[in-house]
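Student:
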Amino acid sequence: MSANLAPVASVSPITDESPTTDGFNLVIDALKLNGIKTIYGLPGIPITDLTRKAQAQGLRVISFRHEQNAGNAAAIAGFMTGQPGVCLTVSAPGFLNGLTALANATTNCFPMILISGSSEREIVDLQQGDYEEMDQVAVAKSLCKAAFRVLNAEDIGVGIARAIRAAVSGRPGGVYLDLPAKLFSQAMDAAAGTASLIKVVDPAPRQIPAPDAVQRALDLLKGAKKPLILLGKGAAYARADADIRALVERSGIPYLPMSMAKGLLPDTHELSAAAARSYVLPEADVVLLIGARLNWLLSHGKGKTWGGKDHKAWGGQKFIQIDISPTEMDSNVRIDAPLVGDIGSCVAALLGGIDAQWPKPPAEWLNAVFDRRNKNVAKMGETLAKDPKPMNFHSALNVVRDIIKANPDAMLVNEGANALDFTRSIVDMYKPRKRLDVGTWGVMGIGMGFAVAAAIESGEPVIAIEGDSAFGFSGMEVETICRYNLPVCVVIMNNNGVYRGTDQNLSGGSDVAPTVFVKDARYEKMMEAFGGVGVYATTPAELRKGIEEAIRSRKPTLINAIIDETAGTESGRITSLNPAAAAKK
Ligand code: FYN
Ligand code: ADP
Ligand code: MG
């Protein structure tokens, strides 16, 4: 047990006179003691009363229509706040519905705690067929950082403290906490109960990098002819915004933001190389990774994307990697200068070595990068200026681009294939942690869960740019958005199907192709059904009016943006991952 934990009080015998508490209250008190303000969940056996009592005692309880969406909300609340987001579900099936979000949180390094009620241990373990019988801890274990079960009321304080520490310390991630039904009604002496709770001290301790590791990184960076900084969502999560900006600006090194790091520095920053991505990756000689992993999104740090001869070959770059997880190093290619520690401390340490004498990168490199970038930006400008009929992704997203520029505090949620990829490169972000998307897994279904949490945690208007397919995974939550009257504007890029709406049934039979949906579906009526505003938009002007009005009124709004059904491409920009295409690589 950590020295930070207060000793757990022994259980005093309960007498008729002494005030008592119970498992319900202790769970609520422990969460409140640790600064948790919101529970995202779905009531039912055995946690219905927990949701009622939590609400009665001042926690905000947001009830969803499906646990996966509640889980996604909790996970992104964790990313946005740095505190674990809490999702509460019923036993077995509800628990399983929450697991996709828990696993996604772990994969993305978002701190989250999934708390599920569970059935009687004695019956579950003898497999006697209990109501919603399942060994939930065993199932959760492989999908999260840690899984705990609390059997006795006096251990609730420890259970919640351990869950919080596991979720936020080191590399953040998902944690499962199993609370069997019997626990909630267990009574104990109130004073002993209070004494058993733990307010976690310093839940995510700083991890200071070793001085020799800092020097090694500085030496490598200083000698670079074509240096590049790569910012990942770990850098956004770290909340070291000012120091990261100072590192980029003082070193004068061009930087490339990963999707959820967009806005950490404004996308319009003069050192941004985002619009020259395919140029800088193979050309750079030293790459400083800050909270970004060399996973599939970065082609594993090798192959043609990095200038390698074939898809497996090293491109010749040297890597410096800042990460809190020591075992991230060398996971894909050699890391020449590993810098293990928290991003805030590592970046501050690097800054200590970057003084006025620091050599700016060679002008030849900077000119080449910025020429390429400026050309791409100009080309994009020409495309965005067009007004094709019907509307396409570019002309629709040009509107969103203007609106985010005018409302830089607004939150942007984004999922889909083409709807995701086009939004990422067209819509500039200006502030950190405003862009929330499908992340490391490319998971569909995060949309409405993320939108709900984004509105609740930030209080800002939320614009959710959704592929019509992506929206379908969580669409029922428009009722949740209306019920809590959240300032969410959902924009569905409706091209009648997955990728596009034009595929044919290859058998010639009467079923439509697997990727095709009902033509001209009226999604906006779903929002109207629950009292929100529905807009049918066939032109950029109608779309603009709809989003601007949604931001002004803060009313739940769904805009059905009718996009040319031929406009999308298979899998957006990751067509190469389709097996037939991958086999040819
Ligand atoms: C970027 N670009 C721009 C701009 N920003 N051009 C002009 N102006 C601006 N502001 C250029 C950039 O240089 C690239 O062109 C291109 O636009 C795309 O940029 P992006 O998005 O940064 O790069 P890319 O190649 O798409 O990135 C690879 C990736 C990304 C794997 C990191 O595709 C990604 O995050 N994908 C997630 C996909 C996903 O999860 N899908 C969900 C499943 S869909 P070039 O430099 O010319 O290349 C199921 O089917
Ligand atoms: P992206 O997908 O944007 O490239 P990833 O999710 O792949 O980002 O990488 C994020 C990385 O950031 C992970 O390796 C994680 O360990 C690391 N990380 C997260 N928070 C911190 C932190 N506070 N300090 C250091 N590293 C962190
Ligand atoms: Mg579509």
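Residue 309 in our numbering is what sits at position 309 of the sequence shown, and the numbering runs on without skipping anything.
The beta-carbon is built from N, C-alpha and C at its ideal position, and this holds for glycine as well.
Fair warning: this is a prediction, and the values are worked out from it, not measured in the lab.
1. For M526 versus G475, is the C-beta spacing smaller than 9 angstroms?
2. Does Y131 pass the burial test, meaning 16 or more other C-beta atoms within 10 Å, or should it be called exposed?
3. Leaving out five residues before and five after L289 in sequence, what residues of the same chain have Cβ atoms less than 6 angstroms from its Cβ?
4. Give me, in chain order, the residues of the same chain whose beta-carbon lies closer than 8 angstroms to that of A3; leave out the 5 immediate sequence neighbours on both sides.
5. Would you mind stating whether D477 and N69 have Cβ atoms separated by less than 9 angstroms?
6. What does the Cβ neighbour count give for E328, buried or exposed, with the cut at 16 atoms within 10 Å?
7. Find out if the Cβ-Cβ distance for the pair L99, A140 is shorter than 9 angstroms.
8. Across the segment 525-541 and the segment 446-459, are there enough close Cβ pairs to call them in contact, namely three or more that are closer than 8 angstroms?
9. So the beta strand (DSSP E) M188 belongs to, where does it begin and stop?
10. By Cβ distance below 6 angstroms, which residues in the same chain neighbour N332 in space, the five residues on each side in sequence not counted?
11. Under the rule that 16 or more other beta-carbon atoms within 10 Å means buried, what is W306, buried or exposed?
12. Expressed to the nearest angstrom, what Euclidean distance is found between the alpha-carbon atoms of R500 and N494?
13. Tell me the rounded alpha-carbon separation between E154 and L102.
14. Assign T89 to buried or exposed, taking buried as 16 or more other Cβ atoms, counted over all protein chains shown, within 10 Å of its Cβ.
15. Quickly, what does DSSP pair Y536 with across the bridge? List them, please.
16. How would you write the range of the beta strand (DSSP E) that P180 sits in, first residue to last?
17. Between which residues of its own chain and A581 is the CB-CB distance below 7 angstroms, once the five residues before and five after are set aside?
18. Whose C-beta lies closer than 7 angstroms to the C-beta of R162 among residues of the same chain, with five residues either side of it excluded?
19. How is Y279 classed by DSSP in three states: helix, strand or coil?
20. Cβ of A368 within 9 angstroms of Cβ of Y279?
21. Using only the heavy atoms of the ligand ZN, determine whether one of them is closer than 8 angstroms to the beta carbon of G316.
22. With E122 and A92 assumed to form a contact (beta carbons below 8 angstroms), what rounded beta-carbon distance in angstroms separates them?
23. Are the Cβ atoms of A236 and R433 separated by less than 9 angstroms?
24. Do I113 and G157 come within 9 angstroms of each other at the CB atom, strictly closer than that value?
25. Would you tell me roughly how many angstroms separate the C-alpha atoms of A191 and D29, rounded to the nearest one?
26. Please report whether the beta-carbon of H66 lies at a distance below 9 angstroms from any beta-carbon of chain D.
27. Using only the alpha-carbon positions, how far apart do E270 and A246 sit?
28. With burial defined as no fewer than 16 other Cβ atoms inside 10 Å of the residue's Cβ, what is the status of D342: buried or exposed?
29. Let me know if N485 comes out buried or exposed under the rule of 16 or more other beta-carbons within 10 Å of its beta-carbon.
30. Counting only the same chain and skipping the five closest in sequence on each side, list residues whose C-beta sits under 6 angstroms from that of P172.
31. Where do the N-terminal and C-terminal ends of the beta strand (DSSP E) with S63 fall, by residue?
32. Secondary structure at M391, three-state DSSP: helix, strand or coil?
33. Starting from I324, trace the beta strand (DSSP E) both ways and give me its first and last residue.
34. Quick check: does the Cβ of M493 come within less than 8 angstroms of any heavy atom belonging to the ligand MG?
35. Indicate, with yes or no, if the ligand MG has a heavy atom lying under 8 angstroms from the CB of R500.
Tutor: Reading off the structure:
1. yes
2. exposed
3. L230, Q321
4. Reliability of the predicted coordinates at A3 is poor, the pLDDT of 41 falling under 50, and the value obtained from them is presented with this limitation in mind. Cβ neighbours of A3 beyond the five flanking positions: none.
5. For the record, residue 477 in the displayed sequence is Glu; it is not Asp. Their beta carbons are under 9 angstroms apart, which means E477 touches N69 by this criterion.
6. buried
7. yes
8. no
9. 187-189
10. L294, H300, G301
11. buried
12. 9 angstroms
13. 26 angstroms
14. buried
15. N560
16. 174-180
17. T575
18. F148
19. helix
20. yes
21. The ligand ZN is absent from the structure shown, which contains only the ligand FYN, the ligand ADP and the ligand MG.
22. Rounded, the Cβ-Cβ distance is 16 angstroms, inconsistent with contact.
23. yes
24. no
25. 12 angstroms
26. Reference to chain D is not applicable here, since this structure consists of a single protein chain.
27. 13 angstroms
28. buried
29. exposed
30. C109, P111
31. 60-63
32. coil
33. Unbroken run through I324: none, as it is neither H nor E.
34. yes
35. yes
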